[in-house]
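Before any comments, here is the structure.
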Amino acid sequence: MVKHLTPEVPFFHLVFFRNLFAFLILIPWLIRKRHTAFRTTQLRLHIFRGIAGVGAMYLFFLVISQVSLAKATLVLLMAPFLIPVISYFWLKERISARLWFAISLGFFGVLIFLNPFSGPLPAVMLLAVLAAALAASTKTIIRQMASTESPSKIVFYFSFFATVVTAIPVIVDWQTLSLKLWLGVATMGLFAVLGQLTMTRAFSIAPPSQVGVFTYSSVLFAGLIGYLIWGEAFTWNMFLGSLIIIAAGYAAIRHSRGPSAASAPMPTSEPVVSAPARHDAKNKQS
Numbered sequence: 428m429v430k431h432l433t434p435e436v437p438f439f440h441l442v443f444f445r446n447l448f449a450f451l452i453l454i455p456w457l458i459r460k461r462h463t464a465f466r467t468t469q470l471r472l473h474i475f476r477g478i479a480g481v482g483a484m485y486l487f488f489l490v491i492s493q494v495s496l497a498k499a500t501l502v503l504l505m506a507p508f509l510i511p512v513i514s515y516f517w518l519k520e521r522i523s524a525r526l527w528f529a530i531s532l533g534f535f536g537v538l539i540f541l542n543p544f545s546g547p548l549p550a551v552m553l554l555a556v557l558a559a560a561l562a563a564s565t566k567t568i569i570r571q572m573a574s575t576e577s578p579s580k581i582v583f584y585f586s587f588f589a590t591v592v593t594a595i596p597v598i599v600d601w602q603t604l605s606l607k608l609w610l611g612v613a614t615m616g617l618f619a620v621l622g623q624l625t626m627t628r629a630f631s632i633a634p635p636s637q638v639g640v641f642t643y644s645s646v647l648f649a650g651l652i653g654y655l656i657w658g659e660a661f662t663w664n665m666f667l668g669s670l671i672i673i674a675a676g677y678a679a680i681r682h683s684r685g686p687s688a689a690s691a692p693m694p695t696s697e698p699v700v701s702a703p704a705r706h707d708a709k710n711k712q713s
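Okay, so the sequence shown: first residue is 428 according to the working numbering, each after it adds one.
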């Protein structure tokens, strides 16, 4: 829906409405927790997470408008492999040789997918890498906050921060939308909320090793949708790279069942607020 709407709706409008819909579904929680919703000892980390998350979402939506849907989705698959690397330097978490192998295999799959030897990559792909790094940073921050903050509060603070911040450019440069575009924006928000809820449900009833493979396979569905709707090519190297990334993701998730679970990359359904990230935070609390 984002790719379909970007030719007619400014991407910063789409980012705002994406966050607004996410915030609206948290209102019942806010009403129940109205006396303690804003109480936190980690305000600085919430702000850092908000800045990184909003930046990742802006960049991701921009990338979607510039490259094929499959390549844009690849951003979501790069971020989980960056999480252990960032955690290694930031949180001093140990990474086993097996996990290093899975991470290396994942980046090899990305290299095969993009096939840079066939010609120069679009400059916008550098923004995609930055978006992946920012998204991975948000998950690392979540990991650091999880010992004192509930998953609901972490999600609430980000949704509140992101909605307020992304509203500013929309107010400054408002563009009136037609009824057709409003329906498209509403559909985008609905899909985002449904995706978030179903992903949360999936990770609550099945092990990550079973659910994660389907998450990593999203690039295949993105390639199929891009081909059917926009006629975007999905070449053999993209298919092979996708299979390698899926295998690497599966290996990393299987490894996370061992002693180094804290360092294993988890799949993410979108660049900022992901069900697996919250699942990880919840596990660290229990």
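For every residue, glycine included, the Cβ atom is placed at its ideal position computed from N, Cα and C.
Fill in: For residue 688, the three-state DSSP class (helix, strand or coil)
With a pLDDT of 41 at residue 688, under the threshold of 50, the modelled position of this residue cannot be trusted; read the value that follows with caution. Correct three-state label for residue 688: helix.
Fill in: Residue environment, residue 546, which counts as buried when at least 16 other CB atoms sit within 10 Å
Exposed: under 16 other Cβ atoms inside 10 Å.
Item to complete: Indicate whether residue 479 and residue 565 have their beta-carbon atoms separated by less than 8 Å.
Response: In this structure, residue 565 lies closer than 8 Å to residue 479 by Cβ.
Practice prompt. Would you mind sorting residue 454 into buried or exposed? The rule is 16 or more other CB atoms within 10 Å of its CB.
Written response: Exposed: under 16 other Cβ atoms inside 10 Å.
Discussion item. Threshold first: 4 residues or longer. Then list the alpha helix (DSSP H) segments lying entirely within the segment 528 to 590, N to C.
Written reply: 551 to 572, all fully within the segment 528 to 590.
Item to complete: Measure the Cβ-Cβ separation of residue 537 and residue 650 and say whether it is below 8 Å.
Response: Between residue 537 and residue 650, the CB-CB gap reaches or exceeds 8 Å.
Worksheet entry | Secondary structure of residue 505, DSSP reduced to three states | Taken through DSSP and simplified to helix, strand or coil, residue 505 comes out as helix.
Discussion item. Can you tell me whether residue 567 is buried or exposed? The criterion is at least 16 other CB atoms within 10 Å of its CB, across all chains shown.
Written reply: By the 10 Å Cβ count, residue 567 comes out buried.
Discussion item. On the criterion of 16 or more Cβ atoms from any shown chain inside 10 Å, does residue 519 qualify as buried, or is it exposed?
Written reply: Looking at its Cβ environment, which holds fewer than 16 other Cβ atoms inside 10 Å, residue 519 is exposed.
Item to complete: Measure the CB-CB distance between residue 428 and residue 611 and report whether it falls below 8 Å.
Response: In terms of Cβ geometry, residue 428 and residue 611 form a close pair [threshold 8 Å].
Discussion item. Excluding the 5 residues flanking residue 712 on each side, which residues of the same chain have their C-beta closer than 8 Å to its C-beta?
Written reply: Low confidence applies here, because residue 712 scores a pLDDT of 43, under 50, leaving its location unreliable; read the following figure in that light. Excluding sequence positions up to five before and after residue 712, its CB lies within less than 8 Å of the CB of 573, 574, 577 and 578, all in the same chain and listed in chain order.
Discussion item. Between which two residues does the alpha helix (DSSP H) holding residue 455 run?
Written reply: Run containing residue 455: 454 to 459, per the alpha helix (DSSP H) assignment.
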